[in-house]
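Student:
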Amino acid sequence: MSYVFNTGEALLALCENEQLPLHEVMLRRELELTDSSRAALREEMHKNLTVMRASIEEGLQAEYRSVSGLSGGDAQKLFSRASGTFMGADAARAVAAAMAVVEVNASMGKIVAAPTAGASGILPGTLLGLAEVRGWKDGSLIDALFAAAAVGVIIAANATLAGSEGGCQAETGSAAAMTAAALAHLSGAKPAVCLNAAAIALQNVLGLVCDPVAGLVECPCIKRNALGAANAMLSADLALSGVGSIIPFDETVDALRTVGRLLPSDLRETARGGLAATKTAKEITKRLGLSAQAE
Amino acid sequence: MQVFKTFDIIGPRMIGPSSSHTAGAARLAHLAWHIAGEDVKKARLTLYGSFAETGAGHGTDKALLAGVLGIEPEDTRLRFALLLAKEAGVEYEFLFEADAPGPYACMARIHIEGHTGQITDVLGASIGGGNIRITNINGLEVEYTGEYPTVLVQHLDMRGAISAVTGVLFAAGINVAGMRVFRQAKGQIACMMIETDTAVSDALCKQVRTCSDAVLDVRTIDKH
Ligand code: SF4
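From first to last, the protein sequence lines stand for chains A and B. Numbered by this note's numbering, the letters in the first sequence go through residues 29 to 323 in order. Numbered by this note's numbering, the letters in the second sequence go through residues 38 to 261 in order.
(1) Applying a beta-carbon distance threshold of less than 8 angstroms, which residues of chain B neighbour THR113/A?
(2) Please give the ranges of any alpha helix (DSSP H) in the region 175-237 of chain A, keeping only runs that are unbroken, at least 4 residues long and fully inside the region.
(3) At a cut-off of 8 angstroms, is ARG289/A close to the ligand SF4 when judged by its beta-carbon and the heavy atoms of the ligand?
(4) Who are the Cβ neighbours of VAL40/B in its own chain at under 6 angstroms, not counting the five residues just before and after it?
(5) Between the C-alpha atoms of SER65/A and LEU211/A, what's the straight-line distance to the nearest angstrom?
(6) Quick one: does THR144/A have its CB under 9 angstroms from some CB of chain B?
(7) Can you determine whether any heavy atom of the ligand SF4 sits closer than 8 angstroms to the C-beta of GLY191/A, and answer yes or no?
(8) Measuring from the CB of ARG285/A, is there a heavy atom of the ligand SF4 at a distance below 8 angstroms?
(9) Report yes or no: is there a C-beta of chain A within less than 9 angstroms of the C-beta of PHE131/B?
(10) Give a yes or no on whether 9 angstroms exceeds the smallest Cβ distance from PRO49/B to chain A.
(11) Whole alpha helix (DSSP H) runs in the region 30-94 of chain A with 4 or more residues, listed along the chain?
(12) Closest to LEU132/B by C-alpha separation, out of THR187/B, GLY139/B, ALA93/B and ILE72/B, would be which residue?
(13) Where does the unbroken alpha helix (DSSP H) through GLY265/B begin, and where does it stop?
(14) Can you find a heavy atom of the ligand SF4 that lies under 8 angstroms from the Cβ of CYS196/A?
(15) What residues from the region 31-58 of chain A come within 9 angstroms of chain B, judged by C-beta to C-beta, listed N to C?
(16) Taking the alpha helix (DSSP H) that THR203/B belongs to, which residues open and close that run?
(17) Could you name the residues of the region 104-125 of chain B whose beta carbon sits closer than 8 angstroms to any beta carbon of chain A, in the order they occur along the chain?
(18) According to DSSP, what are the bridge partners of PHE131/B?
(19) Just the chain A side, please: which residues come within less than 7 angstroms of ILE46/B by C-beta, in chain order?
(20) Give me whichever residues DSSP pairs with GLY94/B in a beta bridge.
(21) Thinking C-beta only, is ALA229/A closer than 9 angstroms to GLY194/A?
(22) How is the alpha helix (DSSP H) around ILE250/A delimited, first residue to last?
(23) Rounded to the nearest angstrom, what separates HIS58/B and LEU158/A at their Cα positions?
(24) Quick check: the Cα distance between PHE117/B and GLY96/B, rounded to an integer number of angstroms?
(25) Leaving out five residues on either side along the sequence, give the residues of the same chain with a beta carbon under 6 angstroms from the beta carbon of THR113/A.
(26) Under 9 angstroms, Cβ to Cβ, is there at least one residue of chain A near THR59/B?
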């Protein structure tokens, strides 16, 4: 019997037939694909969790500006007035934590790509931002990260996670989908509900373009991570309330792929379209002495 | 269909902002530092193509400089490279060239003068996801990714040179994982790049250096 799945349908079948939670199927898949032991896999994920936590703490201190000088300190601003926000203090702190990680990334700090450096704030920010109030311990957070990775491997195999290939929907959209599934998982939801949450998160940002100003992973990326965290919480809440995604997860991933292919290259990380092509963006690019384009 | 695994999705742990423009650049220069095999006195760092275009905003310059200072690619001191170079008394200059001297978008040439006066010149590319490829070492075309401990032997392209070197490694019980020989022209300077399963000690390195008159120089690089 093999635990290697590459679609949501196959993942749900494995969970159902074996009566296993999502993260357990993902762990068994990994054991099958690598020579690692269960303990080593969990330890490796724990190392990721440790760096994630440190990057949030560093970012919320707002000590550094980005290398370009374009950004920095915005996470701290939102964090400071979290209790006065429309979305509520807990959600605002999670969103601020997501922004903090990407600010750290832009200032040459250490982060965990999740799934990319550009979208690295959404998963750790949301999970760790809510961990304290929700009472989630490291063991369950590690389970949730494996559950998130299960969603990630399916999107990577059937569509893409790279902004340069599929636009920002593929990058911050996928991170939000992974996070939504992880949140549902942490709330004790069944695997099908987790995938519903992931599908809704992707559907909410289908078509989102990748248009980084001056080719730098800062504007709009930091705010797109803020949106991704909010999207993940909203999508998890919808799914947990019993709202269905109507279009199943796998078909949503197919749509992500086809929409990505339809996006012109100007809107896929080349910094030639969207916000990157605005008058202000051009002025910023000129001021920074940069001429666009980056990974 | 490509099969992705957990840590392809969540990971790597890296210094931002860009896996190609920061992490890859740091790794490239750090390998050049290993190849130089000594402390650096002067460094001339040339950024080509996309490195030249957007490198400044991604800290590519700092990442390259940190690498030649011997700072590990995952070290958070990367962002202070300019300051650390000044403190260490390392002279450096950055050059920016729009056209890359190879078929890659992100390339850099790392020209190092060591404290003994020895020159090391490394050209390489950042090929995405933090992965790199070194394409030229001291004027010799090579193809090197730094995934194994490696012995680099500069030698005269003479009969017997290769078997002398591999003989020494064999006698020491070192298993060769892969080996390639690059040469400019027949009978001239050539380079053996020997990837091994276990690291080669300094003592063994000296033995390789003296095993044949054809051997001109030996450097070792640890696995990355
Ligand atoms: S706009 Fe592009 S670079 Fe920025 S987060 Fe989105 S996909 Fe990444």
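Here a beta-carbon is modelled for each residue, glycine too, at the ideal position from N, C-alpha and C.
Tutor: So, from the listed chains and residues:
(1) Residue mapping note: residue 113/A aligns to position 85 of the first sequence, counting from 1. When 8 angstroms is used as the limit between beta carbons, THR113/A is near no residue of chain B, the shortest such separation being about 27 angstroms.
(2) The qualifying runs are 191-194, 196-214 and 219-232.
(3) The sequence position of residue 289/A within the first sequence is 261, counting from 1. For the ligand SF4, not one heavy atom lies less than 8 angstroms from the Cβ of ARG289/A.
(4) Counting from 1 along the second sequence, the entry for residue 40/B is found at position 3. For VAL40/B, where only same-chain residues beyond five positions count, there are no Cβ hits under 6 angstroms.
(5) As a position in the first sequence, residue 65/A is number 37, starting the count at 1. As a position in the first sequence, residue 211/A is number 183, starting the count at 1. Approximately 26 angstroms, taken between the alpha carbons.
(6) As a working mapping, residue 144/A is identified with position 116 in the first sequence. Judged by the 9 angstroms Cβ criterion, THR144/A is in contact with chain B.
(7) Residue 191/A sits at position 163 when you count from the first residue of the first sequence. Checking every heavy atom of the ligand SF4 against the Cβ of GLY191/A, one is found closer than 8 angstroms.
(8) Within the first sequence, residue 285/A is the residue found at index 257, counting from 1. No; taking the cut-off as 8 angstroms, the Cβ of ARG285/A has no heavy atom of the ligand SF4 nearer than that.
(9) Here the question's residue 131/B lines up with position 94 in the second sequence. For PHE131/B, the answer is no, since every Cβ of chain A falls outside 9 angstroms of its Cβ.
(10) Here the question's residue 49/B lines up with position 12 in the second sequence. Yes, contact with chain A.
(11) Segments of the alpha helix (DSSP H) lying fully in the region 30-94 of chain A: 36-46, 50-61 and 66-89.
(12) Along the second sequence, read from residue 1 onward, the residue named residue 132/B stands at position 95. Residue ALA93/B is the option with its Cα nearest to LEU132/B.
(13) Residue numbering for chain B in the displayed model covers 38 to 261; residue 265/B lies beyond these limits and cannot be assessed.
(14) The residue you call residue 196/A lines up with position 168 of the first sequence. Flag set: Cβ of CYS196/A near the ligand SF4.
(15) The region 31-58 of chain A vs chain B, Cβ under 9 angstroms: VAL32, ASN34, MET54, LEU55, ARG57 and GLU58.
(16) On the second sequence, position 166 is the one that residue 203/B refers to. Going by DSSP, THR203/B is part of the alpha helix (DSSP H) stretching over 198-208.
(17) For the region 104-125 of chain B, which is checked against every Cβ of chain A, the residues closer than 8 angstroms are GLU111, THR113, LEU115 and ARG116.
(18) Taking the first residue of the second sequence as 1, we reach residue 131/B at position 94. In DSSP, PHE131/B forms a bridge with LEU82/B.
(19) As a position in the second sequence, residue 46/B is number 9, starting the count at 1. Those within 7 angstroms of ILE46/B in chain A are PRO143, ALA177, GLY180, VAL181 and ALA184.
(20) Locating residue 94/B in the second sequence gives position 57, counting from the first residue. GLY94/B is not bridged to any residue.
(21) Walking along the first sequence from the start, residue 194/A turns up at place 166. Walking along the first sequence from the start, residue 229/A turns up at place 201. In this structure, ALA229/A does not lie closer than 9 angstroms to GLY194/A by Cβ.
(22) Start at 1 with the first residue of the first sequence, and residue 250/A comes out as number 222. From DSSP, the alpha helix (DSSP H) with ILE250/A extends over 249-268.
(23) The residue you call residue 58/B lines up with position 21 of the second sequence. The residue you call residue 158/A lines up with position 130 of the first sequence. Cα-Cα distance, rounded: 32 angstroms.
(24) Within the second sequence, numbered from 1, the residue matching residue 117/B stands at position 80. Within the second sequence, numbered from 1, the residue matching residue 96/B stands at position 59. For PHE117/B and GLY96/B, the distance between alpha carbons rounds to 10 angstroms.
(25) In the first sequence, residue 113/A corresponds to position 85, counting from 1. Residues ALA120 of the same chain have their beta carbon placed closer than 6 angstroms to that of THR113/A, with the five preceding and five following residues left out of the count.
(26) What you label residue 59/B is simply residue 22 of the second sequence in a count that begins at 1. Output row for THR59/B: interface = yes.
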